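Below: one structure, written as structure tokens.
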Amino acid sequence: MEPRIGLSQIIEPSGVLPDGDVGCGTCPSKSLRRFVLCTTFCKLHALDRARSVARRLCQAVQSGADGLESTITWMTGCSVAKRPDNERIVITGVGLTSPLGDTPSEFRRNLLNGTPGITSIETRFMGEVPAGVCRFDERKHQSGKDRRRGTRAGSIAIFCACEAFADAGINVEQVDRSRIGVYVGVTEHGTVETENEIAAIREFDYDTKCWSHHHNPRTVANNPAGEVTINLGITGPHYTLGAACAAGNAGLIQAAQMLQLGEVDIALGGGVSESIHSFGIFASFASENALAHHEDPAKASRPFDTGRCGIVVSEGGCLYVLERLSDARARGARILCEVIGHAMNSDAADPVVPLPERLAQCMELALARASIGPGDVDIVNTHATGTVLGDIQEAQAVRQLFSDQPGVWVNNTKSFIGHAMGAAGALELVGNLAALEDGYVHATINVDELDPRCAMDNLVLNEPRKVARVDTILNNSFGMLGINSVLIVRRFTG
Amino acid sequence: MTKENIRKAILDIIAVVAPDEDLSNIDGGVRLRDQLDMDSMDFLDIVMELRKRYKIEVPKEDYPLLATLDGCLEYLTPKLVAVVV
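First to last, the protein sequences are chains R and X.
Going by our numbering, 632 is the number at position 47 of the first sequence; the sequence numbering is gapless.
Going by our numbering, 53 is the number at position 41 of the second sequence; the sequence numbering is gapless.
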């Protein structure tokens, strides 16, 4: 049973900081230092949460007695209790391919340098469109025959999976592969392969005898995840999560949940997208007046700018290795971060227009599950895609939660790489993960004139921002049919 | 097509179906599946390529006749000899 604590135990009344106490680190006045956590509290509870708790106390005191009382109530609940290691989920490896590189360091370097990753491609029936293109070596982890028989999405997933295991220091041949799960988020799957087959049989007067026998295994919805299991001999569960543009986070969330349920010991989670090889997605966005265009493709993706005109479709993939902390510790793994909170919900409103109140509720739920408040977040990575209305709706939700939080910085990764659809949430997280180490918040580029309807406090525009410290990242990913996902990760401190 | 062109046409198809294989020392009398990393789906690819490239239909009952390179040559030569390259 977790020990209960009271006010006298968590506030050091003398204002003196005994050894072992932890301050919030953000108080503007030294007089507020009395609201540090006392040694007793830190010993009773997780030290890594102490700074978050101290911050929240300080904010509560500044807002008056009611705020303090509710915060004490919150603190005395089980929410701040340290969970056992076998219930804590950590990320120990990541593999990716993106329009800005195929390693976390290359991707990060381009983000901090302000290098856009959008180019122009020729699309069936539509001519040139701006798009994000991946250039990873398909043959690095896959035979030519398997590539020929499979899909681009499968190839992306295989590349990301192999790179993620290598990054995690896991040789899959030396672990129980029946205890590995593969959970890959996808926005859509099968349209590319179907369009290709229709184009192929058109050359044969639509003779369906020329329709490939590979079409079914290529288009089953589990294809990208299944190709990973075949490539690596993984016999544990695999499936994709169809979650529109919330899919990258959904894959990660599923992976964390399956570990917590004990279904698997190692989980691959994230998302992939091959969408740029389908003309249909471009054509449909164009018909919705939501396909971005610009004479310079590098400037086509411009969330929050007054001149934004829609989405730039990109391909990409990002898969993470997740483990229970107890397992990661046992093998001496390097821990990139801890997954401390997540949430998914549904707008139950419009097929394409997001609902601000539901987006805010999703973020609130993730924060509550992480046992932190809005002020404990250091970076909010927005989902904003560059559509006129969608960006406004998300900005409204972010303002609702994060206004007047001086230590919370807001950015957007799609301004660099476009919308990588099923991979978006997972890729955008890795684009920000290095902030835990380098202390930079990467910018939102291509904002020549900020749309006042998209204004948010501490929105980092056009130049990266060096901040005192980044411990916690909140990652938004939302999708059509009103599917919302939020993931919160934190620096691992033990 | 000459006999040499027919052999090349068949090997070109196999090269597409099995792109990782070295076909320079293929034994004409040994089943393709016993000397190359090929399975039934790959064999269907060969049938599909014959259909697409040369409008040749191989009935299912004739599939065994294409098991070896020599068998392919024997079966396909009458069908390909009239093809102009």
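Even for Gly, the Cβ is constructed at its ideal location relative to N, Cα and C.
These numbers come from a predicted model, not from an experiment.
Residue from the options whose Cα sits closest to the Cα of residue i
| i | options | result |
| --- | --- | --- |
| residue 938 of chain R | R:1021, R:824, R:738, R:1065 | R:1065 |
| residue 1068 of chain R | R:929, R:1040, R:973, R:1018 | R:929 |
| residue 569 of chain R | R:981, R:774, R:817 | In the structure displayed, chain R extends from 586 to 1079; residue 569 of chain R sits before or after that span and is not available. |
| residue 677 of chain R | R:805, R:735, R:841 | R:841 |
| residue 31 of chain X | X:57, X:96, X:67, X:73 | X:57 |
| residue 68 of chain X | X:87, X:82, X:52, X:15 | X:87 |
| residue 964 of chain R | R:1049, R:905, R:901 | R:1049 |
| residue 829 of chain R | R:877, R:848, R:958, R:1004 | R:1004 |
| residue 920 of chain R | R:827, R:894, R:1021, R:969 | R:1021 |
| residue 846 of chain R | R:992, R:1058, R:908 | R:908 |
| residue 1055 of chain R | R:1029, R:1071, R:1017 | R:1017 |
| residue 64 of chain X | X:25, X:77, X:17 | X:25 |
| residue 805 of chain R | R:791, R:823, R:792 | R:823 |
| residue 861 of chain R | R:1028, R:710, R:671, R:718 | R:718 |
| residue 1071 of chain R | R:709, R:843, R:962 | R:962 |
| residue 958 of chain R | R:1023, R:1033, R:925, R:968 | R:925 |
| residue 872 of chain R | R:1032, R:895, R:815, R:671 | R:895 |
Per-residue burial, residue i [other beta carbons within 10 Å of its own, 16 or more giving buried]
| i | result |
| --- | --- |
| residue 630 of chain R | Residue confidence is low: residue 630 of chain R scores 43 on pLDDT, short of 50, so the model does not pin down where it sits. No coordinate-derived value is stated. |
| residue 722 of chain R | exposed |
| residue 22 of chain X | buried |
| residue 1060 of chain R | buried |
| residue 801 of chain R | exposed |
| residue 946 of chain R | buried |
| residue 1047 of chain R | exposed |
| residue 681 of chain R | buried |
| residue 899 of chain R | buried |
| residue 1146 of chain R | The question about residue 1146 of chain R has no answer here: the residues shown for chain R are numbered 586 through 1079. |
| residue 905 of chain R | buried |
| residue 794 of chain R | exposed |
| residue 783 of chain R | exposed |
| residue 759 of chain R | exposed |
| residue 791 of chain R | exposed |
| residue 737 of chain R | buried |
| residue 820 of chain R | exposed |
| residue 93 of chain X | exposed |
Contacts that residue i makes with chain R (C-beta to C-beta distance below 7 Å)
| i | result |
| --- | --- |
| residue 63 of chain X | 794, 795 |
| residue 23 of chain X | Neighbours of residue 23 of chain X on chain R: none; closest Cβ ~16 Å, over 7 Å. |
Coarse secondary structure for residue i, derived from DSSP in three states
| i | result |
| --- | --- |
| residue 737 of chain R | helix |
| residue 1017 of chain R | helix |
| residue 983 of chain R | helix |
| residue 52 of chain X | helix |
| residue 86 of chain X | helix |
| residue 852 of chain R | strand |
| residue 785 of chain R | helix |
| residue 715 of chain R | strand |
| residue 948 of chain R | helix |
| residue 1035 of chain R | strand |
| residue 890 of chain R | strand |
| residue 698 of chain R | helix |
| residue 1004 of chain R | strand |
| residue 67 of chain X | coil |
| residue 836 of chain R | helix |
| residue 19 of chain X | helix |
| residue 553 of chain R | Since the first residue shown for chain R is 586 and the last is 1079, residue 553 of chain R is missing from the structure and cannot be characterised. |
| residue 1070 of chain R | strand |
| residue 793 of chain R | helix |
| residue 753 of chain R | helix |
| residue 928 of chain R | strand |
Contact set between residue i and chain X, taken where Cβ atoms lie within less than 9 Å
| i | result |
| --- | --- |
| residue 728 of chain R | 31, 32, 49 |
| residue 734 of chain R | 53, 54, 57 |
8 Å Cβ cut-off: residues of chain X touching residue i
| i | result |
| --- | --- |
| residue 789 of chain R | 64 |
8 Å Cβ cut-off: residues of chain R touching residue i
| i | result |
| --- | --- |
| residue 60 of chain X | 795, 797, 798 |
Contact with chain C by residue i, beta-carbon distance below 8 Å
| i | result |
| --- | --- |
| residue 689 of chain R | Absent from the structure: chain C. Protein chains present are R and X. |
Cβ-heavy atom distance, residue i to the ligand COA, below 7 Å
| i | result |
| --- | --- |
| residue 923 of chain R | This structure lacks the ligand COA; in fact it carries no ligand of any kind. |
Report yes or no: do the region 762-772 of chain R and the region 832-851 of chain R share at least 3 C-beta pairs separated by less than 8 Å?
yes
Answer yes if the region 1004-1019 of chain R comes into contact with the region 1031-1041 of chain R, meaning at least three C-beta pairs across the two stretches below 8 Å, and no otherwise.
no
Inter-stretch contact at 8 Å, needing at least 3 Cβ pairs: the region 990-1001 of chain R / the region 887-903 of chain R
yes
Quick check: the region 31-42 of chain X against the region 917-935 of chain R, are there 3 or more CB pairs under 8 Å?
no
Pairs of beta-carbons, one from the region 979-987 of chain R and one from the region 944-960 of chain R, closer than 8 Å: are there three or more?
yes
Please confirm if the region 736-747 of chain R is in contact with the region 808-817 of chain R, defined as three or more CB-CB distances below 8 Å between the two stretches.
yes
At a cut of 8 Å, does the region 967-986 of chain R reach the region 899-913 of chain R through at least three beta carbon pairs?
no
Is the number of C-beta pairs between the region 775-782 of chain R and the region 857-873 of chain R that are closer than 8 Å three or more?
yes
Would you check if the region 748-756 of chain R and the region 691-700 of chain R touch, i.e. whether three or more CB-CB distances between them fall below 8 Å?
no
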